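Counting in the working numbering, the final residue of the sequence shown is number 225, and the numbers go up one at a time with none missing. Idealized CB from N, CA, C, for every residue including glycine. In this text the structure is predicted, and so the values were computed from the model without any measurement. Working notes, structure below.
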Amino acid sequence: MSFGDSKAIITNQPDIHENLSEIVKKHLDKEFKKPISAHTQQAFDEINDVVQKFSGPIILDSCCGVGQSTRILARQNPQALVIGVDKSDNRIKRNVEDKWQADNFHLVRADLNDFYRLVVEANWPVSKHFILYPNPWPKSKHVQRRWHGSAVFPYIIKVGKELHMRSNWQLYLQEFQHALAIVNVDAVIEEVVDDEALTPFEAKYKASGQQCWQLAAKLENN
Ligand SMILES: C[S@@+](CC[C@H](N)C(=O)[O-])C[C@H]1O[C@@H](n2cnc3c(N)ncnc32)[C@H](O)[C@@H]1O
Numbered sequence: 004m005s006f007g008d009s010k011a012i013i014t015n016q017p018d019i020h021e022n023l024s025e026i027v028k029k030h031l032d033k034e035f036k037k038p039i040s041a042h043t044q045q046a047f048d049e050i051n052d053v054v055q056k057f058s059g060p061i062i063l064d065s066c067c068g069v070g071q072s073t074r075i076l077a078r079q080n081p082q083a084l085v086i087g088v089d090k091s092d093n094r095i096k097r098n099v100e101d102k103w104q105a106d107n108f109h110l111v112r113a114d115l116n117d118f119y120r121l122v123v124e125a126n127w128p129v130s131k132h133f134i135l136y137p138n139p140w141p142k143s144k145h146v147q148r149r150w151h152g153s154a155v156f157p158y159i160i161k162v163g164k165e166l167h168m169r170s171n172w173q174l175y176l177q178e179f180q181h182a183l184a185i186v187n188v189d190a191v192i193e194e195v196v197d198d199e200a201l202t203p204f205e206a207k208y209k210a211s212g213q214q215c216w217q218l219a220a221k222l223e224n225n
């Protein structure tokens with residue numbers, strides 16, 4: 004597949020998943036007990052040392068892929084420490100263009116299902132939390148693999164004062180908005196109109212003529 008040839012989302016789900024409310028409530032009511040993996044605990048401990056010594060705002064860039072957005076956010080927010088997290092070692096270590104280099108960022112290889120719980124426990128002072136183009140899992144039966152359908156959702160909403168999530172699948176964001184409404188948080192969804200793509204996936208979708216969407220929500224944390 005070439006750069007401008009990214010396929011639009013194909014799904015067997017026409018609307019918000021019929022079981023989503025039930026799934027979200029189940030996760031809100033039940034403690035997430037899965038043990039933290041050793042590699043994520045170790046990665047967290049290392050970056051937590053850096054965070055605890057830093058006195059400014061923290062920006063978390065979850066699912067950062069190659070970290071292009073992490074670098075752009077670092078340049079846009081020189082007073083902040085920007086932390087990009089992705090489970091793929093291969094993506095994190097890939098070189099990106101020089102024009103986005105900055106020195107106020109770190110890339111961390113970790114599983115966010117565990118990492119979020121450690122961030123909440125350590126009470127990181129996150130000002131903004133970005134989740135840009137998460138894997139959509141468009142098949143209806145995979146709803147629990149989407150972040151709002153996952154057991155870690157109750158922790159995601161405890162991270163940061165602002166949440167910004169982007170997707171080329173508007174229904175993903177509408178579902179996240181639906182899940183936020185269950186905990187009485189309002190969110191707005193708008194089309195992304197930025198001239199410069201924040202991430203490689205955004206660039207790819209735009210080059211293929213697809214619309215990209217952003218959800219923004221204010222959270223009552225820290
Ligand atoms: C579609 S890519 C988007 C990457 C980047 N944000 C972009 O827009 O170019 C989704 C990313 O989420 C990461 N990811 C998925 N599940 C994860 C998890 N549980 N923990 C950490 N990263 C995860 C994948 O490794 C992948 O890099």
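Looking only at Q44, C67, N51, the smallest Cα-Cα distance to N138 is reached by C67. Looking from the CA of E194, the closest CA among A219, D106, N80, A105 belongs to A219.
Beta-bridge annotation (DSSP): G68 is not paired with any residue. The Cβ neighbour count for V155, taken over all protein chains shown within 10 Å, is at least 16; the residue is labelled buried. DSSP places Q180 in the helix class (H, G or I) of the three-state scheme. In this structure, D92 keeps its C-beta atom at 7 Å or more from the C-beta atom of S40.
Sequence-distant Cβ neighbours of Y158 in its own chain, meaning closer than 6 Å and more than five residues away, are Y119, R120, V123. When only Cα atoms are considered, K209 and P38 end up about 39 Å apart. Annotated as proximal: V162 and H132, with beta-carbon spacing under 7 Å. Counting along the chain, the unbroken beta strand (DSSP E) around F133 starts and ends at 129-135. Three or more Cβ pairs closer than 8 Å define a contact, and the region 194-204 meets that threshold against the region 70-86.
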